[in-house]
Amino acid sequence: MQCHVTVRFPGWPPMHYRADSIAAHTFAQAVYELGLATIQIDQDMREALQPMPCQRLWR
17 MQCHVTVRFP
27 GWPPMHYRAD
37 SIAAHTFAQA
47 VYELGLATIQ
57 IDQDMREALQ
67 PMPCQRLWR
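Using my numbering, read the sequence shown as starting at 17 and increasing by one per residue.
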């Protein structure tokens with residue numbers, strides 16, 4: 017299932033992507049553990065979203 021991923025790095029505008037649920041949650045957990053950014057995952061697929069870069073690495 018595809019989901020909407022919002023990535024917020026401090027000092028940068030939010031980035032919005034689509035990704036499969038497993039890749040999104042695995043990516044979010046890794047970023048959380050490193051304290052690099054905040055990640056929000058939801059089903060808000062209203063806009064034309066680009067795929068999350070390198071999401072195959074997070075499956």
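Don't be surprised by glycine CBs; every beta carbon is placed ideally from N, CA and C.
So, with DSSP's three-state summary, where would you put residue i?
i	result
Ala35	strand
Arg72	helix
Gln56	strand
Rank the options by C-alpha distance to the C-alpha of residue i and give the top, closest one.
i	options	result
Val23	Ile38, Met68 and Ser37	Met68
Gly51	Phe25, Gln66 and Tyr33	Phe25
Cys70	Ile57, Pro29, Glu49 and Arg34	Arg34
Arg76	Val47, Met17, Glu63 and Asp36	Because the chain in this structure spans residues 17 to 75, residue 76 falls outside the shown range and cannot be described.
Please report the distance separating the alpha-carbon of residue i from that of residue j.
i	j	result
Ala39	Gly27	25 Å
Ala44	Thr54	8 Å
Val21	Arg75	15 Å
Met31	Asp58	14 Å
Along the beta strand (DSSP E) that carries residue i, what are the first and last residues, could you check?
i	result
Arg24	Gln18 to Arg24
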